[in-house]
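Here the sequence shown is numbered in this note's numbering, starting from 12 and rising by one per residue. Scroll down for the structure; my scribbles are underneath it.
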Amino acid sequence: MVPVLQQWALKGWPFIVRRSLPEDGDGVPLGLPLPLSLGKQRIALTMPLQAIDSSAALPGVGEVLEAAPAHWRPCLRRLAELSDAFRMRAGVFGSLAWQHATGLDYLSSSSDLDLAWSLPHTNRLDAFLAELAALDAAAPMRLDGELLREDGTGANWRELHAGSTELALKTASGVVLCSRRAFVGALG
């Protein structure tokens, strides 16, 4: 595995920050899912902060178009329009983001599209979720992902759209239950 990691680093390809594990110790917890050709294995590592050269936000929906299958592109364009209309940012993670970053094959016929949305204003949340659900129903792939607060805490968009009274929120340290009212009330 070390040669793969060395080649990865030499090419300047990214890692992604992940939740820390008890055995991680000091440093920044990072992850790397390998492409299909290398068995799509997930690697967890910890890097000293001073060894990290740079960081970047997730690529936006419009940035990953060329890496996407042609039949996904109309949906991606519509997602970019939806993001603009609600003044939100839609970052892409998962297989499409890795394919975009490396040029390697990560997508399969069963791949979904993983999105991380910034939050809209409270009074626009339900309208956004309704439009996203309609887009998901017509999409050639499953739209998966979360709406993220500024602190990085995320709620699954499907749970929010379903009107669940309790949400499983993902945080940097784990998963916690929160009422929908408390999560939505934090939007302002």
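Glycine is no exception: its CB is placed at the ideal position from the N, C-alpha and C atoms.
Leaving out five residues before and five after PRO46 in sequence, what residues of the same chain have Cβ atoms less than 6 Å from its Cβ?
-> Residue mapping note: residue 46 aligns to position 35 of the sequence shown, counting from 1. Cβ within range, chain order: LEU115, ASP116 and TYR117.
Hey, out of LEU107, PRO44 and GLN18, whose CA is closest to ALA81's CA?
-> Locating residue 81 in the sequence shown gives position 70, counting from the first residue. Out of LEU107, PRO44 and GLN18, the CA that lies nearest to the CA of ALA81 is found in LEU107.
Residues in its own chain within less than 8 Å of HIS172 by CB, not counting five upstream and five downstream?
-> Your numbering for residue 172 matches position 161 in the sequence shown. Closer than 8 Å at Cβ, skipping near neighbours: LEU140, ALA141, LEU143 and ALA144.
Give me whichever residues DSSP pairs with LEU146 in a beta bridge.
-> Residue 146 sits at position 135 when you count from the first residue of the sequence shown. Bridge partners of LEU146: none, in fact.
Kindly indicate which three-state DSSP category PRO40 falls into: helix, strand or coil?
-> Residue 40 sits at position 29 when you count from the first residue of the sequence shown. The answer is strand: DSSP assigns PRO40 an E or B state.
Local conformation of GLY50 per DSSP, three classes = Working through the sequence shown from its first residue, we reach residue 50 at position 39. Residue state, collapsed to three classes: coil.
Extent of the continuous alpha helix (DSSP H) to which ALA166 belongs | Mapped onto the sequence shown, residue 166 falls at position 155. First-last for ALA166: 165-167, but that is the beta strand (DSSP E), not the alpha helix (DSSP H).
Assign SER94 to buried or exposed, taking buried as 16 or more other Cβ atoms, counted over all protein chains shown, within 10 Å of its Cβ.
-> By one-based count along the sequence shown, residue 94 stands at place 83. Buried, since its Cβ has 16 or more Cβ neighbours within 10 Å.
Going by other Cβ atoms of all chains shown within 10 Å of its Cβ, with 16 needed for buried, is LEU180 buried or exposed?
-> Residue 180 sits at position 169 when you count from the first residue of the sequence shown. The residue is buried, with at least 16 neighbouring Cβ atoms inside 10 Å.
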